[in-house]
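>
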Ligand SMILES: C[S@@+](CC[C@H](N)C(=O)[O-])C[C@H]1O[C@@H](n2cnc3c(N)ncnc32)[C@H](O)[C@@H]1O
């Protein structure tokens, strides 16, 4: 981690202190990117802004001293300490490829890239809280809004990583090029960076629903646009449960390569794991417990169920008759795998799933931004540490933000072991 306060001694005999603050511009990002890239020739992209950042801080702290560019530059040189020693997830010592981390979130791709001996030379993420988590673990502040970043200012790299938000494109205008169809979307930003920087390979990730979005037209435009840039594509839907995680996360992964390759996605693992493998048996924090309302409903189910897997009707008299719950009633039933589900209305017709509880011996549904998996048999939701294990983040990964932000960031992120294995396959072709 970069220390909040860094002492700089012996510049013209004076001791300076630099406090890394985060004003609303790209200077702190340039500064941290500069520090991370001083050994690999990439730092030239960040040097001017980094010097100006340090100069600004010194001028504020020492208004009576004349801070020349030379002083700022030597301060910066002084700061080129070995970051790897103080960073939780340091870059590899002798990296074999360079990558960039777009829509970086909390750096799931970065962990996978570094584990495969890659060096991150640029990251972008505009959410302030995600930036904090990223900085805590990688010592680097990502640049902000990618739509405002000129592709020419991004350093050259071998691989581009991006888990981008799925947005509708323009489906009209038959003769429109892909640029017109995708303009104004975040996918367009990926395209313009690929077009300018031409990395050898890329890995994109998205929700499974991308396949059927807008009757398949969205995916068609995506594949068409990438092919027109000269990339050979391989995509597949992979499940996290097939790669050692107890989470039914299904995602679309697409690998592109400028040179023709016979790419193979990683093979499924034969052994499937359950939530028991990630649960901390000593965890008993009160704030993780299910609410009284939830616990009572669960108890009611088990007190009233007569045959296994039968539906139990709950008391819906407190709901207004005009509401769906009032009209159709609330039911619960246990599936053969042990999970317990609550739904509204008739099983076949109007059923709307309302709540889902897994068990130690099942896997969880997909963790998403505002949904933390809950277990009925231990009467609680997952802790942040367990949620990070559910996505395959190492235990030493740190969240300096609130629990709610941590769950949200993990829900938005990627399953690290899946990413790591895909990148491993990619590196065979670099
Ligand atoms: C699906 S998440 C990707 C998470 C990431 N793969 C990870 O490992 O944590 C998409 C991210 O894109 C970010 N984002 C959305 N629009 C952006 C923009 N214009 N510039 C930079 N980041 C953006 C969001 O804040 C969000 O964190």
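Numbering (the numbering used here), first residue to last: 1 to 430. C-beta: ideal position from N, C-alpha, C; glycine also.
Pull every residue with its beta-carbon under 7 Å away from any heavy atom of ligand 1, and keep them in chain order.
Working through the chain, the matches are 103, 104, 105, 106, 107, 108, 109, 124, 125, 126, 127, 130, 144, 145, 146, 147, 163, 164, 165, 186, 205, 409, 412, 413, 414.
> Which residue or residues does DSSP assign as beta-bridge partners of residue 357?
According to DSSP, which records beta bridges pairwise, residue 357 is partnered with 340.
> Which residues in the same chain as residue 403 place their Cβ atom closer than 6 Å to its Cβ, once the five residues preceding and following it in sequence are excluded?
Closer than 6 Å at the Cβ level, and outside the excluded window around residue 403, lie 384.
> Would you report the Cα separation of residue 288 and residue 211, rounded to the nearest angstrom?
Answer to the nearest angstrom: the Cα atoms are 36 Å apart.
> Can you name the start and end residues of the beta strand (DSSP E) that residue 113 belongs to?
Where residue 113 is concerned, there is no enclosing beta strand (DSSP E), although the alpha helix (DSSP H) it sits in stretches over 108-115.
> From the DSSP output, read off the bridge partner residues of residue 66.
Its beta-bridge partners do not exist; DSSP assigns none.
> Quick check on the burial criterion: 16 or more other C-beta atoms within 10 angstroms. Buried or exposed for residue 23?
With a pLDDT of only 49 at residue 23, under 50, the local geometry of the prediction cannot be trusted, and the value read off the model is given with reservation. Counting Cβ neighbours within 10 Å, residue 23 comes out exposed, since fewer than 16 surround it.
> Taking C-alpha atoms, which residue in 412, 164, 333 lies nearest to residue 307?
Among 412, 164, 333, the Cα nearest to that of residue 307 is on 333.
> By a C-beta neighbour count over all protein chains shown, 10 Å radius and 16 as the cutoff for buried, is residue 113 buried or exposed?
Buried is the call here.
> Measuring straight from C-alpha to C-alpha, what distance separates residue 52 and residue 103?
Roughly 26 Å separates the two Cα atoms.
> Could you tell me which residues DSSP puts in a beta bridge with residue 101?
Looking at the DSSP assignment, residue 101 forms a beta bridge with 123, 161.
> Do you know how far the Cα of residue 318 is from the Cα of residue 235?
Rounded to whole angstroms, residue 235 to residue 318 spans 49 Å at the Cα level.
> Using a Cβ-Cβ cutoff of less than 6 Å, which residues in the same chain neighbour residue 415 once the five nearest sequence positions on both sides are dropped?
Correct list, in chain order: 240, 245, 249, 391, 392.
> With burial defined as no fewer than 16 other Cβ atoms inside 10 Å of the residue's Cβ, what is the status of residue 160: buried or exposed?
With 16 or more other Cβ atoms within 10 Å, it is buried.
> In the DSSP output, which residue or residues are listed as bridge partners for residue 233?
Looking at the DSSP assignment, residue 233 forms a beta bridge with 256.
> Out of 345, 340, 369, which has the shortest C-alpha to C-alpha gap to residue 316?
Checked all of 345, 340, 369; the closest Cα to residue 316 is 345.
> Grab me the residues of residue 411's own chain with a C-beta within less than 6 Å of its C-beta, minus the 5 sequence neighbours each way, in chain order.
For residue 411, where only same-chain residues beyond five positions count, the Cβ hits under 6 Å are 367, 368, 369.
> By the DSSP assignment, the alpha helix (DSSP H) with residue 188 in it spans what residues?
Counting along the chain, the alpha helix (DSSP H) containing residue 188 begins and ends at 186-197.
> Give the DSSP-derived three-state secondary structure of residue 167 in the structure shown.
Coil, per DSSP.
> Which one or two residues does DSSP pair with residue 201 in a beta bridge?
159, 257.
> Thinking C-beta only, is residue 143 closer than 7 Å to residue 164?
Result no, Cβ atoms of residue 164 and residue 143 do not sit closer than 7 Å.
> Please work out which residues of its chain come closer than 8 Å, Cβ to Cβ, to residue 304, disregarding the five sequence neighbours upstream and downstream, and give them in chain order.
Contacts found: 312.
> For residue 136, report the span of its beta strand (DSSP E) as first-last.
Here residue 136 belongs to no beta strand (DSSP E); instead the alpha helix (DSSP H) covers 128-138.
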